[in-house]
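Q:
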Amino acid sequence: MAYLEVEGVSKSYGPIKALRDVSFSVNRGEYLCILGPTGAGKTTLLKVIAGLIKPDKGRILIDEEDVTFLPPELRAAAYMPQGYALFPHMRVWENIAYGTLIRGLPLERVWASIKMVGLAHKAYSYPHELSGGQQQRVALARVVSSGSKILLLDEPLSALDLLLNIELRYELHRYAKSMGLTVLHVTHNSEEALSIADRVLILRKGKVQQIGRPDEVYAKPRNLFVARFLGEITVVEGVVRASIDNRSVVEAKGLGRLVVNGSVNKGSHVVIAYRPEDLVLLSSPSEPYNVFRGKVIDVEFEGLRVRIHVMLSKGLESVIDQWFVHEIPFKKGETVYVYLPPEKALIFEYPREGISQALALE
Amino acid sequence: MLRLRNSRVQEKLIAWSGLVVLLIFVFFPSFYLFSFVIRLWPSVYIEVFAHPILGDVYWKEMLRYLSLSLRLSLVTVVIDLLLGVPLAYLLVKRRFEFEGFLEDLTMLPLVIPTSGFGFATMLAWTASYSLPTLFGIRIGLDTVVPVIKIPLLMLIVHVALTFPYVVKTVSGALRDLKASYEVISSSLGAHPLTTFRKVTLPLILPSMFSGAVLALARSLGETGATMIVAGVSTTAPIAIVRWEFENKVAPAAFLGALLVALSLIIIVPTEYLLTPGKKGRRLLPKGLEARLIRLERSTPRSFALLRDTASLAFLMVIVVLPMLMLIYNSALYWASDPYTGRREGSILYQLFGPPRYWDVIMRALTTSLITATLSTLLSVYISILALFLIMRYNIGRFIRVLLKIPLVIPTSALGLSMILLWGPKGLHILNPGLWLIVLTHVVFSVPVIVETSVASYMEANLPIYEDTARSLGATFYDVMETITLPMIKRGIVAGSLLAFTHSLGETGATFIVMGDHTTIAPLIVNMVESLAIPSAIFSSLILIVLSFIMLAIMRKIVG
Ligand SMILES: Nc1ncnc2c1ncn2[C@@H]1O[C@H](COP(=O)(O)OP(=O)(O)O)[C@@H](O)[C@H]1O
Ligand SMILES: [Mg+2]
Chain A
444 MAYLEVEGVS
454 KSYGPIKALR
464 DVSFSVNRGE
474 YLCILGPTGA
484 GKTTLLKVIA
494 GLIKPDKGRI
504 LIDEEDVTFL
514 PPELRAAAYM
524 PQGYALFPHM
534 RVWENIAYGT
544 LIRGLPLERV
554 WASIKMVGLA
564 HKAYSYPHEL
574 SGGQQQRVAL
584 ARVVSSGSKI
594 LLLDEPLSAL
604 DLLLNIELRY
614 ELHRYAKSMG
624 LTVLHVTHNS
634 EEALSIADRV
644 LILRKGKVQQ
654 IGRPDEVYAK
664 PRNLFVARFL
674 GEITVVEGVV
684 RASIDNRSVV
694 EAKGLGRLVV
704 NGSVNKGSHV
714 VIAYRPEDLV
724 LLSSPSEPYN
734 VFRGKVIDVE
744 FEGLRVRIHV
754 MLSKGLESVI
764 DQWFVHEIPF
774 KKGETVYVYL
784 PPEKALIFEY
794 PREGISQALA
804 LE
Chain B
128 MLRLRNSRVQ
138 EKLIAWSGLV
148 VLLIFVFFPS
158 FYLFSFVIRL
168 WPSVYIEVFA
178 HPILGDVYWK
188 EMLRYLSLSL
198 RLSLVTVVID
208 LLLGVPLAYL
218 LVKRRFEFEG
228 FLEDLTMLPL
238 VIPTSGFGFA
248 TMLAWTASYS
258 LPTLFGIRIG
268 LDTVVPVIKI
278 PLLMLIVHVA
288 LTFPYVVKTV
298 SGALRDLKAS
308 YEVISSSLGA
318 HPLTTFRKVT
328 LPLILPSMFS
338 GAVLALARSL
348 GETGATMIVA
358 GVSTTAPIAI
368 VRWEFENKVA
378 PAAFLGALLV
388 ALSLIIIVPT
398 EYLLTPGKKG
408 RRLLPKGLEA
418 RLIRLERSTP
428 RSFALLRDTA
438 SLAFLMVIVV
448 LPMLMLIYNS
458 ALYWASDPYT
468 GRREGSILYQ
478 LFGPPRYWDV
488 IMRALTTSLI
498 TATLSTLLSV
508 YISILALFLI
518 MRYNIGRFIR
528 VLLKIPLVIP
538 TSALGLSMIL
548 LWGPKGLHIL
558 NPGLWLIVLT
568 HVVFSVPVIV
578 ETSVASYMEA
588 NLPIYEDTAR
598 SLGATFYDVM
608 ETITLPMIKR
618 GIVAGSLLAF
628 THSLGETGAT
638 FIVMGDHTTI
648 APLIVNMVES
658 LAIPSAIFSS
668 LILIVLSFIM
678 LAIMRKIVG
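Chains A and B supply the protein sequences, listed in that same order.
Take 444 as the starting number for the first sequence in our numbering and just add one per residue.
Take 128 as the starting number for the second sequence in our numbering and just add one per residue.
(1) Among all the DSSP beta bridges, which residues are the ones paired with SER761(A)?
(2) For my contact list, VAL651(A) and VAL465(A) are in at a C-beta cut-off of 8 Å; report their separation, rounded to the angstrom.
(3) If you draw a straight line from the alpha carbon of LYS406(B) to that of ARG302(B), how long is it in whole angstroms?
(4) Of all the beta strand (DSSP E) runs that stay within the bounds of the region 486-538 of chain A, which reach a length of 3 or more residues?
(5) Roughly how many angstroms lie between the CA atoms of GLY622(B) and VAL573(B), to the nearest whole one?
(6) Per DSSP, what kind of secondary structure is PRO278(B) in: helix, strand or coil?
(7) Expressed to the nearest angstrom, what Euclidean distance is found between the alpha-carbon atoms of VAL606(B) and THR511(A)?
(8) When the Cβ atoms of the region 329-338 of chain B are set against those of the region 294-314 of chain B, are three or more pairs found closer than 8 Å?
(9) Taking the Cβ atom as the reference point for each residue, do ARG580(A) and LEU562(A) lie within a distance shorter than 7 Å?
(10) With H, G and I counted as helix, E and B as strand and the rest as coil, what does DSSP make of ARG519(B)?
(11) Which of the three DSSP states is assigned to ASP809(A) in this structure?
(12) Below 6 Å, is the gap between the Cβ of TYR456(A) and the nearest heavy atom of ligand 1?
(13) Decide yes or no for the touch test of the region 653-661 of chain A against the region 696-706 of chain A: beta carbon pairs closer than 8 Å, at least 3 of them.
(14) Where does the unbroken alpha helix (DSSP H) through GLU608(B) begin, and where does it stop?
(15) Looking only at C-alpha atoms, which of SER157(B), TRP549(B), GLU608(B) and VAL447(B) sits nearest to PHE228(B)?
(16) Are the C-beta of MET452(B) and some C-beta of chain A separated by less than 7 Å?
(17) Since I believe PRO240(B) is in contact with GLY632(B) (beta carbons under 8 Å), could you give me their beta-carbon distance rounded to a whole number of angstroms?
(18) Below 7 Å on C-beta distance, what does TYR592(B) contact in chain A?
(19) Give me the residue from GLY267(B), SER666(B), THR362(B) and THR233(B) with the minimum Cα distance to THR493(B).
(20) Mind checking whether the beta-carbon of THR486(A) lies closer than 6 Å to any heavy atom of ligand 2?
(21) When DSSP labels each residue in this structure, what does ARG369(B) get in the three-state scheme?
(22) Considering only the beta carbon of each residue, do PHE163(B) and ALA388(B) sit closer than 7 Å?
(23) For ALA142(B) and chain A, any beta-carbon pair shorter than 7 Å?
(24) Indicate the three-state DSSP secondary structure (helix, strand or coil) for TRP461(B) in the structure shown.
(25) From the DSSP output, which residues share a beta bridge with TRP694(A)?
(26) If you reduce the DSSP assignment to three classes, tell me which class SER623(B) lands in.
(27) In the DSSP assignment, the alpha helix (DSSP H) including ARG585(A) goes from what residue to what residue?
(28) If distances are taken between C-alpha atoms only, which option among GLU608(B), ALA384(B) and ALA247(B) comes closest to SER539(B)?
(29) Starting from ASP658(A), follow the alpha helix (DSSP H) in both directions and report where the run begins and ends.
(30) First and last residue of the beta strand (DSSP E) that includes ASP207(B)?
(31) Using 8 Å as the cut-off, can you tell me whether the region 475-486 of chain B makes contact with the region 534-550 of chain B, which would need three or more C-beta pairs spanning the two stretches below that distance?
(32) Could you check where the beta strand (DSSP E) with ASP464(A) kicks off and where it finishes?
(33) Do you know how far the Cα of ILE610(B) is from the Cα of PRO541(B)?
(34) List, in chain order, every chain A residue whose beta-carbon is nearer than 7 Å to that of THR602(B).
(35) Which of the three DSSP states is assigned to SER657(B) in this structure?
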């Protein structure tokens, strides 16, 4: 049985629809990342669950109890904004003891959780005297000792630089798991979400786009937006000319005939998307089909990988990622052949609102 | 379930009581003159416009007084801007020793008791051994600036009391300004003057404007110092005091309502206009622009030095000189009258001799301290309630704008309003005296404390801490006690000190509402009018020393 259930929640601010009929459930101890661009309604969603904002419609259930109309202090869901909002006028132990004292819980919990995060030696420091990692641990201990079982994190790591972000998100995940917390972690950074989540929920314009395991949503995005938000893509539009045996032939704009996996109705208007790592660069047209001649217009060396920008036809540029092994394989100005493996193609119905609207962040 | 109800009820209760106390103690007194005039319109009309004997004499007088007040405040603001902007520049851009002291000096006129300062200014300019007489010029209360026909001394006092508003807002804007803009401009080859005109000036223009508006409103309502240097001229606020004492309530109330309306017309639109927006800036014609830049280039860099020196000189003459003259005069008058040599004209004689002014001063000082303490405490309480209303509810924005109004209402109009509202002619709850003083001071203290508290609420980004605390199990009331108040304590304390100092030195309104409970600032006006100069010198000195101490405490606490 799901621990947290969000059922058909909607919320508007005047004319702005921040949440539209949002439903999903989270299991006990699960780490769910809510991913979406700025303005998608992520903060609103967390605040509705925390009880800081009343939804216009829908219900919130925690452990099978309907908490929709309970005030925040009576829900076991702790809301933490960016930087964790440690109370600056309280020492570490006072911060950690805050919820315990206010809820009248036994004080042993406080010391137990201080020890759990290894901060006994910092108990009398003020938050500003701690490192980012230590602050994060104080925040976690504060939640555990307050008796809350659900942790709602609103972009906790967004202010950090990349390296610290990577280090702290891993630690965050590990501690939360060992404390048995159920976590909803909001972020607009897809890499952050994919790397630590048990499941990812993608939100756009107040609507749930997809929810699933990270590898699942990455490999099988339900729509163009999800595909684009989880990683870079090259997009080609086309019309299906034939479809047999789970294979389709698409007349692609700027490329010509393109074979892709999947059966689609003949004559339908589609969009094909490829990720940079799925394209293969050849020096000669050694595959029977889906090979296109192009010209290298730029080579970006990034250390681990090399990104090669190829102009396939007029107005159709594609990025191809390759691992870097000893030397950069292609040079600017060279003629190359790009192979689009049929099994790697993501194929979507042509979006009614047009491609650029479908990809737009807002 | 009981707890749940409590939490919601607490929240509602606090918000509602916030609204109610604001209405009763701040907004109602501020707007009461309007309702008074409207309610008694027929009799007001007859008195002011169609008196059986006097005809419309009052109306004609009012127009004359208002005209002087308007001319005075407009010229004052122009001078404020010309002198205040360079001074703000000096304070922000230059690093030097005594910077803090210099800043204190600039802010002094904001906290100084106006009657004491007015008296010090009068001494500095008109005494027979003052600065002008060194150059063989005699200045008196009746010296009038030609063309604009404004009494010179009045103009000087008004500039001294209002230029800090310009300095304050402009230096605030200059501090917020990223230094990189100016650095980039000069690294692209612009002369400092060009940089100022093309980069800095456009960016600080809104702050200059809002400073100017505050200064204008303040000058329009200034009463305490003006009364001392007025001589035979009458400004609108002074007329209100005079008419109130002559028991001519109708014209006083009408003029008061006009003044309040005038202040509203000035302050409310600017509150909305000043919300940042895009502004297209028209460039100067190319030829003129090029010529200007050439002119700026040819200005020697030592211009900055000249500007700074001039700013300092201005500060010296207009703020420091009166203080020094006060000290110098108390030495002169200490044991005997410096002119006649008579012992009866000395400070010592007046204080401790038969006039026993010492007792009078001490009594007034005690009354001042008591009223300032009471009104500040009451205001803190009201402000905290108001703060929750402002921060948590949508009408907060509106209330915040409304709270600017008591700050610019002419003080004598406020005093009149208080008497008409609470006094024997109104609700008949309070007679002039200590409690009416307290309530009057609450009207302008609450906005001061709310403003500093709101500023510190915003600065500390409190909503996120409050939300976090709520979700950790704290009720609305817990949050207020454990998070909000401790975190904005500094703002509240700073505001309270400011309000306390204001209260200590308030003259115009107190004059009207104090009855027999004379406080120290109006006492000085009385002393000057009864020509007890040595006592006036001594009392002014005490008040100014007191406000210096408050300023030092404030600097210490607020940092
Ligand atoms: N208090 C509010 N009043 C009006 N509009 C709001 C308010 N809070 C959020 N919004 C709007 O609701 C939408 C969703 O906001 P938010 O939940 O903060 O998104 P996110 O956290 O994903 O950036 C945005 O368009 C935002 O402008
Ligand atoms: Mg957000």
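In this text, a Cβ means the ideal position worked out from N, Cα and C, and glycines have one as well.
A: So, from the listed chains and residues:
(1) Counted from its first residue, the first sequence places residue 761(A) at position 318. Beta-bridge pairing links SER761(A) to VAL753(A).
(2) For this step, residue 651(A) is matched to residue 208 along the first sequence. For this step, residue 465(A) is matched to residue 22 along the first sequence. Their Cβ separation, rounded to whole angstroms, is 6 Å, which keeps VAL651(A) and VAL465(A) in contact under 8 Å.
(3) Here residue 406(B) refers to the residue found at position 279 of the second sequence. Here residue 302(B) refers to the residue found at position 175 of the second sequence. At LYS406(B), the pLDDT of 49 sits below 50, so the modelled position is not reliable and the matter cannot be decided from this model.
(4) 500-505 and 520-523
(5) Here residue 622(B) is taken as the residue at index 495 of the second sequence, counted from 1. Here residue 573(B) is taken as the residue at index 446 of the second sequence, counted from 1. Distance between the alpha carbons of GLY622(B) and VAL573(B): 9 Å.
(6) Stepping through the second sequence from its first residue, residue 278(B) is reached at position 151. Strand at PRO278(B).
(7) Within the second sequence, the letter at position 479 stands for residue 606(B). Within the first sequence, the letter at position 68 stands for residue 511(A). About 21 Å.
(8) yes
(9) The residue labelled residue 580(A) in the question sits at position 137 within the first sequence. The residue labelled residue 562(A) in the question sits at position 119 within the first sequence. Yes. Within cutoff.
(10) Taking the first residue of the second sequence as 1, we reach residue 519(B) at position 392. DSSP places ARG519(B) in helix when its eight states are reduced to three.
(11) The question about residue 809(A) has no answer here: the residues shown for chain A are numbered 444 through 805.
(12) Position 13 of the first sequence, counted from the start, is the residue given in the question as residue 456(A). TYR456(A): yes, Cβ under 6 Å from ligand 1.
(13) no
(14) As a position in the second sequence, residue 608(B) is number 481, starting the count at 1. Note, GLU608(B): premise wrong, no alpha helix (DSSP H); not H, not E.
(15) Sequence index remark: in the second sequence, residue 228(B) carries index 101 (1-based). The residue with the shortest Cα to Cα distance from PHE228(B) is VAL447(B).
(16) The residue you call residue 452(B) lines up with position 325 of the second sequence. Not one chain A Cβ lies under 7 Å of MET452(B).
(17) One-based indexing of the second sequence puts residue 632(B) at position 505. One-based indexing of the second sequence puts residue 240(B) at position 113. Right, their Cβ atoms sit about 3 Å apart.
(18) Numbered from its first residue, the second sequence carries residue 592(B) at position 465. Those within 7 Å of TYR592(B) in chain A are ALA528 and PHE530.
(19) Walking along the second sequence from the start, residue 493(B) turns up at place 366. Here the closest residue by C-alpha is SER666(B).
(20) Mapped onto the first sequence, residue 486(A) falls at position 43. Yes, the Cβ of THR486(A) comes within 6 Å of a heavy atom of ligand 2.
(21) The residue given as residue 369(B) occupies position 242 in the second sequence. In the structure shown, ARG369(B) sits in a helix (DSSP, three-state: H, G or I).
(22) Position 36 of the second sequence, counting from 1, holds the residue named residue 163(B). Position 261 of the second sequence, counting from 1, holds the residue named residue 388(B). No; because the gap between Cβ atoms is not below 7 Å, this pair is not in contact.
(23) Numbered from 1 along the second sequence, position 15 holds the residue referred to as residue 142(B). Chain A, which has no Cβ nearer than 7 Å to the Cβ of ALA142(B), makes this no.
(24) Stepping through the second sequence from its first residue, residue 461(B) is reached at position 334. DSSP places TRP461(B) in coil when its eight states are reduced to three.
(25) Locating residue 694(A) in the first sequence gives position 251, where the first residue counts as 1. Reading the sequence as shown, one finds Glu at residue 694(A) and not Trp. The partner list for GLU694(A) (beta bridge, DSSP) reads VAL682(A) and ARG700(A).
(26) One-based indexing of the second sequence puts residue 623(B) at position 496. In the structure shown, SER623(B) sits in a helix (DSSP, three-state: H, G or I).
(27) Taking the first residue of the first sequence as 1, we reach residue 585(A) at position 142. Start and end: 575-588.
(28) For the purposes of this step, residue 539(B) is identified with residue 412 of the second sequence, where counting begins at 1. The residue with the shortest Cα to Cα distance from SER539(B) is ALA384(B).
(29) Residue mapping note: residue 658(A) aligns to position 215 of the first sequence, counting from 1. Its alpha helix (DSSP H) spans residues 657-662.
(30) To locate residue 207(B), count along the second sequence from 1; it is residue 80. Not the beta strand (DSSP E): ASP207(B) falls in the alpha helix (DSSP H), residues 184-220.
(31) no
(32) Position 21 of the first sequence, counted from the first residue, corresponds to residue 464(A). It spans 459-469 - the beta strand (DSSP E) in which ASP464(A) sits, taken as one unbroken run.
(33) In the second sequence, residue 541(B) corresponds to position 414, counting from 1. In the second sequence, residue 610(B) corresponds to position 483, counting from 1. It should be noted that the sequence gives Leu, not Pro, for residue 541(B). Distance between the alpha carbons of LEU541(B) and ILE610(B): 36 Å.
(34) Along the second sequence, read from residue 1 onward, the residue named residue 602(B) stands at position 475. Going along chain A in sequence order, the residues near THR602(B) (Cβ under 7 Å) are GLU516.
(35) As a first step, residue 657(B) must be located in the second sequence, where it is residue number 530. In the structure shown, SER657(B) sits in coil (DSSP, three-state: anything other than H, G, I, E or B).
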